[in-house]
């Protein structure tokens, strides 16, 4: 499947677990990118043609919400890729804000690997 | 303000471990609980009507099993760093679910970042200490304890 996926999470072990699910969704290993916070993610998304971002919210340096605000402000990045939030977040107001900022889907932690795999497949289809 | 029952908290821990690492935990009584555990993480939260923390404690071998389940590899392949990262993520997930039950869907809560705290803590052998409650669990892979503290704000 020709799709570039960026996994953004401050937990390295969660990034590896998410990467495994993304590989199972049919994405090639060399098309999967990682970032440990929103700031790093902006750098990766600016320099690679990313199609899908899997975004944690609660991260140091730059949160997932701040990342989405920067993306929305950027003519280069806005509408360039789809975003699925993968987080422990449960606040409805924050979900509404993120939808307004362009987030396409939400997956709450804890999730089973199949849930993430299915969501990636549905989004990139 | 919504309150959380002891059985609801036990369900949070059991469901989290089953989902992320395929570990099947059972609550155990205080007299069967471990007296010390090697690794300890803590995460703090604060909402409009309550604040508190969740501490999660486990032996390194159990945390390695958890990391192995999360990554789909053998526990022997897991080093201390990954085991600690898995325990931190578990505390993040437990606290996220706890604040949901305390009202985070409607009210905005601050949830901190999980942190490792110095090892070698001796578990206090009481079910309750002030605003804090101990919970103990076991599975074939080992034992896990949680200390949950929730203080209501005026």
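Chains as they are written, first to last, in this note's numbering: chain A, 65 to 189; chain B, 5 to 158.
Virtual Cβ for every residue (Gly too), placed ideally from N, Cα, C.
- Counting along the chain, the unbroken alpha helix (DSSP H) around residue 109/A starts and ends at 102 to 111.
- Taking residue 109/A as the centre and dropping the five residues before and after it, the same chain places the C-beta of 70, 117, 135, 141, 144, 145 closer than 8 Å to its C-beta, in chain order.
- Residue ranges of uninterrupted beta strand (DSSP E) with 3 or more members, entirely inside the region 52 to 85 of chain B and ordered along the chain, are 54 to 62.
- The shortest CA-to-CA distance from residue 33/B to any of 155/B, 152/B, 154/B, 147/B is the one to 147/B.
- Within chain B, no residue has its CB atom less than 7 Å from the CB of residue 163/A, the nearest being about 15 Å off.
- Residue state for residue 99/A is assigned as strand, using DSSP reduced to three classes.
- Around the beta-carbon of residue 103/B, 16 or more other beta-carbon atoms lie within 10 Å, marking it buried.
- From the beta-carbon of residue 86/B, the residues of chain A found nearer than 9 Å are 76, 77, 80.
- Taking C-alpha positions only, residue 41/B is separated from residue 61/B by approximately 6 Å.
- Around the Cβ of residue 95/A, a 10 Å sphere holds 16 or more other Cβ atoms; the residue is buried.
- Residue 67/B is positioned such that its CB atom lies closer than 8 Å to that of residue 88/B.
- When DSSP states are grouped into helix, strand and coil, residue 69/A belongs to the strand group.
- For the region 131 to 144 of chain A, the beta-carbon criterion of a distance under 7 Å to any beta-carbon of chain B is satisfied by none of its residues.
- For residue 14/B, the three-state secondary structure derived from DSSP is helix.
- Here residue 86/B is buried. Its C-beta has 16 or more other C-beta atoms within 10 Å.
- Residue 70/B and residue 21/B have their C-alpha atoms roughly 8 Å apart.
- For residue 122/A, the neighbours in chain B by C-beta distance under 9 Å run, in chain order, 96, 100, 115, 116, 117.
- Distance from the CA atom of residue 93/B to the CA atom of residue 74/A, rounded to whole angstroms, is 10 Å.
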